[in-house]
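Accompanying notes for the structure given below.
Protein chains: 2
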Amino acid sequence: MTTTRQTGGSTPLKMADIARLAQVSASTVSRALADSALIPEAKRLEIQKIAAEAGYVVNQSARSLRLRRTETIAVVLPIGHEAGQLITDPFFLEMLGHLADAITLRDYQVLITRMARTSPGWLDRIVRSQRQDGIIVIGQSDQHAVLDETASRYPAMVVWGGQIAGQRYCSVGTDNAGGGRAAVAHLLSLGRRRIAFLGQPELPEIGLRHAGYQQALRQAGIEPDPALLVPAHFTTEAAYEAARALAASGTPFDAVFAASDLIALAAIKAFTAAGLRVPEDVSVVGFDDVPMAAGASPALTTVRQDLGRAARTMVDLLFRRIAGDETPSATLPPELVVRASCGRSRPA
Amino acid sequence: MTTTRQTGGSTPLKMADIARLAQVSASTVSRALADSALIPEAKRLEIQKIAAEAGYVVNQSARSLRLRRTETIAVVLPIGHEAGQLITDPFFLEMLGHLADAITLRDYQVLITRMARTSPGWLDRIVRSQRQDGIIVIGQSDQHAVLDETASRYPAMVVWGGQIAGQRYCSVGTDNAGGGRAAVAHLLSLGRRRIAFLGQPELPEIGLRHAGYQQALRQAGIEPDPALLVPAHFTTEAAYEAARALAASGTPFDAVFAASDLIALAAIKAFTAAGLRVPEDVSVVGFDDVPMAAGASPALTTVRQDLGRAARTMVDLLFRRIAGDETPSATLPPELVVRASCGRSRPA
DNA sequence: GATGGACTTGCAATCGATTTCATGATGTGT
DNA sequence: ACACATCATGAAATCGATTGCAAGTCCATC
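Written out as structure tokens, the structure reads:
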């Protein structure tokens with residue numbers, strides 16, 4: 080039922096084997112399989128048929144070596160200091176899914192590279208392994224300088240993250256500041272005034288969300304209170320602990336803008352455990368709109384990032400860069416998705 | 080700040096360049112970088128230092144070609160007939176994350192291969208591309224015969240899915256029948272008697288879950304009603320539609336055992352829209368325990384699969400197969416996680 | 001029938017790293 | 001001082017596919 084005729088198990092076929100079967104040279108087979116116009120159509124089809132029936136597939140290592148091209152894109156996830164941290168962040172995973180889709184659509188392979196960003200030269204080693212034709216880095220993490228330095232020598236790289244003044248690498252990201260403004264403006268419109276920020280502003284993307292938070296507050300004539308800045312880490316456990324500490328601290332607050340949905344959901348759990356009601360006592364807004372956000376209880380109001388579009392944009396820019404173009408960075412519009420976790424408008 | 084000394088941009092360094100820098104031959108460099116005992120320690124360290132300072136990294140294509148070994152594992156997702164379907168299934172993604180973790184832990188690369196299973200010989204082409212040293216297939220889909228045929232020639236493959244009598248490939252999966260029995264037994268203990276099954280029993284894994292469903296019913300003296308078998312497809316939309324049709328059909332039912340959490344959540348949405356209350360009117364149990372299940376409202380009772388353990392098991396077996404072992408298939412125990420979606424015990 | 005052009009086809013070099021085999025250098029034991 | 005074992009090192013073959021160059025074939029035109 081399958082198309083294989085030769086069941087030969089041990090040594091895989093090479094091009095010379097097909098050449099022998101077709102009574103031509105390996106050069107001719109190579110050209111025929113590449114659909115080269117140098118080989119007349121009749122012979123081309125004949126050779127292709129023989130190769131298909133023998134179940135022959137070109138050895139990719141040899142091909143890559145000769146062509147100096149792997150037709151592979153490396154998707155790099157810079158892993159935090161926490162050694163052995165699992166890739167379970169739903170945001171990473173969803174982005175990875177969309178990227179894989181967009182890349183395989185162009186008949187390129189996807190190589191996943193987890194890399195502890197702690198060791199110096201980590202990105203350089205990836206670049207120089209020549210395993211890929213281009214690199215997509217998901218998240219700047221705290222590696223802005225490394226990315227900048229690499230970009231000056233290696234053009235085929237696109238980074239997911241916030242745009243930073245003077246950066247030399249090509250980035251694609253949501254308008255983080257705009258998203259932050261929208262989220263906080265919404266909370267203000269609900270009558271909230273003591274709005275806490277949960278997240279680490281040192282990370283570029285989070286910093287921009289925080290800047291938007293500050294802008295919206297100032298626009299409403301409110302000076303941001305440093306006591307309401309809670310440097311919550313990205314892991315669920317750390318976020319839960321930070322939110323618990325905030326609730327226990329006695330600092331008055333009536334709303335939270337979290338730097339990610341995961342942090343927001345952890346915060347809601349912590350608040351509920353502390354006897355605070357969401358959204359009655361505390362309104363909560365997240366960022367990302369991961370699949371879990373809509374299903375959570377209460378459903379999470381959040382700033383949505385369109386990851387499908389983001390992935391397509393990144394892949395598109397990357398292929399233009401591989402082709403030699405110099406592409407600018409791109410910023411995608413965020414969208415505020417209002418759900419139950421921040422209450423109805425004008426409750427006050 | 081970086082370890083690179085030579086900023087040379089255009090041509091990547093090759094081993095011969097390092098050989099020139101170190102005043103030795105390429106053979107010696109190769110041996111030194113491989114920590115071969117043939118090179119005295121002092122010289123070995125010196126060459127390693129020179130290579131590191133030059134930022135040299137071995138070209139992987141050349142290495143793979145020569146060694147006939149890529150140090151790469153292909154993770155294959157057989158994609159359904161629905162052309163262009165996104166990889167957004169949270170189950171796939173979570174499994175992928177755990178696999179990537181386990182594989183990179185062994186310093187192997189992860190190659191994601193999406194493959195339309197429609198074209199004949201799809202798995203063969205992957206095998207013969209020699210791009211990987213081993214293959215992990217996530218989900219049998221409807222490709223049992225193809226997997227069986229491939230396994231007879233290619234040992235380095237492990238498949239996630241149900242174990243089928245007489246299968247020739249190595250599979251790792253949850254005890255699907257046991258999970259189905261546990262779920263249905265729980266529903267029965269709540270006093271439910273008209274329990275519907277949502278899912279396609281033609282797929283091996285789902286068939287086993289369905290078998291467990293039937294066993295539990297018969298053990299309680301209930302003959303399964305064919306009208307309560309709803310062949311819901313895996314996509315959210317199809318599942319929603321199937322559940323809506325069930326509710327509208329007038330067939331009486333008081334519980335649902337869904338073949339996956341995604342189907343269960345879609346069904347809950349459909350029932351709620353149809354005016355049925357969950358869990359008061361209908362108890363719902365899912366399968367998988369995806370992250371979303373706990374956060375859903377009502378929280379979903381489900382049969383949990385430990386994907387971290389599953390992934391580690393698969394990778395462990397695969398590496399033993401690559402080393403030449405003949406490993407048996409493995410079955411992992413499922414765990415019933417009781418949450419709100421099926422009501423409190425003994426409500427009747 | 002000779003010349004030229006278009007078309008086929010294959011030889012051999014190449015991509016970069018690894019490893020076998022051979023050679024030369026060094027040291028040890030008697 | 002000689003034979004022999006041990007160590008250090010490199011030249012060259014190899015992995016498998018691609019492609020520049022050149023040689024060969026065929027046919028049309030003058």
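Just so you know, the protein sequences line up as chains D and H, in that order.
So for the first sequence, my numbering puts the first residue at 80; every next one is plus one.
So for the second sequence, my numbering puts the first residue at 80; every next one is plus one.
C-beta atoms are modelled at their ideal positions from N, C-alpha and C, and glycine is treated no differently.
Asked, Found
"The segment 366 to 378 of chain H contacting the segment 392 to 409 of chain H, beta-carbon criterion three pairs below 8 Å", "no"
"Segment limits, beta strand (DSSP E) that includes residue 415 of chain D", "414 to 416"
"Chain D contact for residue 234 of chain H (CB, 7 Å cutoff)", "no"
"Any C-beta of chain D under 7 Å from that of residue 264 of chain H", "no"
"CB contact below 7 Å: residue 379 of chain D versus chain H", "no"
"Any chain D beta carbon closer than 7 Å to residue 136 of chain H", "yes"
"Three-state class that DSSP yields for residue 298 of chain H in the structure shown", "helix"
"Chain H contact for residue 421 of chain D (CB, 7 Å cutoff)", "no"
"Whole-angstrom C-beta distance between residue 266 of chain H and residue 274 of chain H, which should lie under 8 Å", "5 Å"
"Nearest candidate by alpha-carbon position, reference residue 289 of chain H, set H:272, H:145, H:307", "H:307"
"Burial state of residue 203 of chain D (16 or more Cβ within 10 Å)", "buried"
"8 Å Cβ cut-off: residues of chain D touching residue 210 of chain H", "139, 140, 188"
"Closest Cα partner of residue 420 of chain D within the set D:90, D:230, D:341, D:362", "D:362"
"C-beta neighbour in chain H for residue 204 of chain D, strict 7 Å", "yes"
"Residues in the segment 393 to 423 of chain H having any Cβ partner in chain D nearer than 9 Å", "none"
"For residue 250 of chain D, three-class secondary structure by DSSP", "strand"
"Residue nearest to residue 260 of chain H in terms of C-alpha spacing, selected from H:125, H:238, H:381, H:119", "H:381"
"Supposed contact pair residue 318 of chain D and residue 287 of chain D - C-beta distance, whole angstroms, cut 8 Å", "About 19 Å separates the two Cβ atoms, so there is no contact after all."
"According to DSSP, residues forming a beta bridge with residue 350 of chain H", "In the DSSP output, where bridge partners are listed per residue, residue 350 of chain H has none listed."
"Whole-number beta carbon distance between residue 271 of chain H and residue 333 of chain H, since they are thought to touch under 8 Å", "5 Å"
"Minimum Cβ-Cβ distance from residue 144 of chain H to chain D less than 7 Å", "yes"
"Beta carbon proximity, residue 370 of chain H to chain D, threshold 7 Å", "yes"
"Anticipated Cβ contact below 8 Å, residue 138 of chain H with residue 209 of chain D, distance rounded", "5 Å"
"Proximity of residue 104 of chain D and residue 98 of chain D at Cβ, strictly below 7 Å", "yes"
"Straight-line gap, residue 252 of chain H to residue 323 of chain D (C-alpha atoms, nearest Å)", "38 Å"
"Residue-chain proximity (residue 288 of chain D, chain H), Cβ-Cβ < 7 Å", "no"
"Selection of the segment 305 to 335 of chain D by Cβ proximity to chain H, strictly under 9 Å", "none"
"Cutoff 7 Å: residue 376 of chain D Cβ touching any chain H Cβ", "yes"
"Delimiting residues of the beta strand (DSSP E) encompassing residue 366 of chain D", "362 to 367"
"C-beta atoms of residue 315 of chain H and residue 345 of chain H nearer than 7 Å", "yes"
"Residue range of the beta strand (DSSP E) that includes residue 92 of chain H", "It is not in any beta strand (DSSP E) - residue 92 of chain H carries neither H nor E in the DSSP assignment."
"Residue(s) in a DSSP beta bridge with residue 193 of chain D", "D:156"
"Chain-order list of residues whose beta-carbon lies under 6 Å from that of residue 150 of chain H (same chain, five-residue window excluded)", "187"
"8 Å contact criterion, which residue 295 of chain D and residue 264 of chain D should meet: CB distance rounded", "5 Å"
"Any C-beta of chain D under 7 Å from that of residue 383 of chain H", "no"
"Cutoff 7 Å: residue 126 of chain D Cβ touching any chain H Cβ", "no"
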